[in-house]
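A quick write-up on the structure given underneath.
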Amino acid sequence: MFDNNISVNTNNPINDNILNKPKINTEQILPFDVIDPTKVTRTPKQDPSNQTGQNLFNYNPDSVFEKFIKSLQSSPVLSEGARKLLLNKQFINHNINSDPVLKSMFEAFVKNIEMNDKEIVSFLKFQQGTYTKFNGEFFDSLRNLLKTDSTNDDFKAVLKNFLRSYDCFVSVEETNKSISSALNNIERNIPEMLRKTFDEMTDKLIFNNPKGADLNLNLLKNEIIPFMGRYISKMNDLGPVRDYVSVLIHNTVRLEAASMNNFYDDFEVLMEFIRYNFDVDEKYMDTMKMSLINTYEKAANVKNDSVDSFLKLLNAGSRESESLVNKGVMNDMKESLLFSQNVNIPLTHMFLPLNYNGMFMFSELWIGKEYEELPDKKKKAEYYPSYKVFITFDIQNLGYFETTLILKESALSLDIYVPAGLSEHIGKIKDDLNTLLSRDNLSVTNMTVQESIRKRKFNEVFSNLTERKNGVDVTI
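What the sequence shown shows, in the numbering used here, is residues 9 to 484, in sequence order.
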């Protein structure tokens, strides 16, 4: 959600003398003047002290965190839709196989998720390695420099500017798609009498040519956005159109930040700062520059057939399928995947649809990292990382498993839930796990194995998510 980029005062004064009320000339409906920014009103801020316990998640125009926390409770669960795709034969036969749009894509998906042990590890490593754009040798070097001088605010500021430019620069294609989508939504929601003028402006945009970026920016900044600003101010349209215009403005800013000149300038500032503030030689600088090129090329060419086939299936089902049931299932899975990437979730999320030796299963992994302070009166306080992992398995003909794993250095704590059919074997499961873990020199401080009564969502396991109101996940 974005700040209220366009807020206006209504211009409908109350007048008891209706006969003296000026008539609206249809020609004046067309926008003329850009609204004066100094006269734009803002939605008043809410006073937290006036909020009751039942209204902690009311809309706040200055933050989306409350809405995010509330939406955690109602967000779709990825495993629910995946279970229908992999484990529900009735759903597959009556919905997927009878759907001409999805049948061939589903068959390709099932074939691509046939994996052996080595391929499973590669699949999970692929997701971990592509979880953000900031992966690779170049960004590892930046992390190491940051660790050597973690209190250097100047370096953090320079680094932040570069990361923003890099993110925008490598996301131009996605930004253009978002701009195109916002324009289509605006065109559908504005009055019909304005569509011809609006279409004449948007038809000039060129999205399939990198050289068209400057032209597109000029049209968006000087024609399309001012046109929509005048329309909103004159017509007081505070509905969907204003929301789509806010999205359009956001992506226009990203498109401008993605220019080659802007990216190159921020990169040069970063390199110069490193050269003169860290103990590095020219060979190190040359290696860093080459590593950025290699990182960019590798990220541009990275591909995984299993992920691609899964996403194509979801996309086709949500857009092209004529079955409302299929559309609902695919949309829920898409929403879940998008939700798991929210910057307010400080967790790494991976999923595993799998056909292993003819047996289907679906698994999700949520990984969180926290730092515990160990104070020392004689020395500066040190921070030690601890990891919490929440793993779910839904295995064909066997049932649903959950595991919560907490690792502090080499000390491991396990909380395991097994299907009802295995409850009588809990003792053997604990003995076998102790044997396996001892081989890796892991000290098990606590282990519980019990029957799974109900499925938990990740936010029930990572309860500290609600404590992150003033922070988001921007780790490079």
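Even glycine gets a Cβ: it sits at the ideal position worked out from N, Cα and C.
As far as DSSP is concerned, threonine 156 takes part in no beta bridge.
If the five residues before and after asparagine 259 are omitted, its C-beta is found closer than 6 Å to the C-beta atoms of Thr183, Ser186, Ile187, all from its own chain and listed in chain order. Excluding sequence positions up to five before and after isoleucine 232, its CB lies within less than 6 Å of the CB of Met209, all in the same chain and listed in chain order. Taking the C-beta atoms as reference points, asparagine 105 is found no nearer than 8 Å to asparagine 334. By the Cβ criterion, the segment 211–231 is in contact with the segment 258–274, since at least three pairs of Cβ atoms, one from each stretch, lie closer than 8 Å. Along the length of the segment 90–148, whole alpha helix (DSSP H) runs at least 4 residues long occupy 111–120, 125–137, reported in chain order.
Counting along the chain, phenylalanine 359 sits inside no alpha helix (DSSP H); it lies in the beta strand (DSSP E) bounded by residues 355–364. Under the DSSP assignment, isoleucine 194 falls outside any beta strand (DSSP E), being part of the alpha helix (DSSP H) whose first and last residues are 180–197. Checking the DSSP bridge columns, you'll see lysine 396 partnered with Gly376, Ile414. Beta-bridge annotation (DSSP): valine 426 is paired with Glu459. Counting only runs of 4+ residues, the alpha helix (DSSP H) found wholly inside the segment 215–295 occupies 221–227, 233–243, 248–265, 268–285, in chain order. Contact between the segment 451–458 and the segment 414–430 is present, with at least three C-beta pairs closer than 8 Å. Here alanine 419 has Ser451, Thr453 as same chain residues with Cβ atoms under 6 Å from its own Cβ, once five neighbours each way along the sequence are excluded. Sixteen is the threshold: when 16 or more other Cβ atoms of the shown chains lie within 10 Å of the Cβ of methionine 296, as they do, the residue is buried. Of all C-beta pairs linking the segment 357–368 to the segment 126–143, three or more are shorter than 8 Å, placing the two stretches in contact.
When the five nearest sequence neighbours on each side are left out, the beta carbons in the same chain lying within less than 6 Å of the beta carbon of asparagine 143 are those of Gly137, in order along the chain. Around the beta-carbon of proline 361, 16 or more other beta-carbon atoms lie within 10 Å, marking it buried.
Valine 452 carries a strand assignment under DSSP once its states are collapsed to helix, strand and coil. Rounded to the nearest whole angstrom, the CA to CA distance from lysine 111 to methionine 369 is 20 Å. With a contact defined as Cβ atoms closer than 8 Å, proline 427 and phenylalanine 398 miss out at about 17 Å.
Less than 8 Å separates the beta-carbon of methionine 341 from that of leucine 86.
If you check the CB distance, valine 337 and glycine 89 come in under 8 Å. Excluding residues up to 5 positions away in sequence, Ile282 lie with their Cβ nearer than 8 Å to the Cβ of valine 288 in the same chain.
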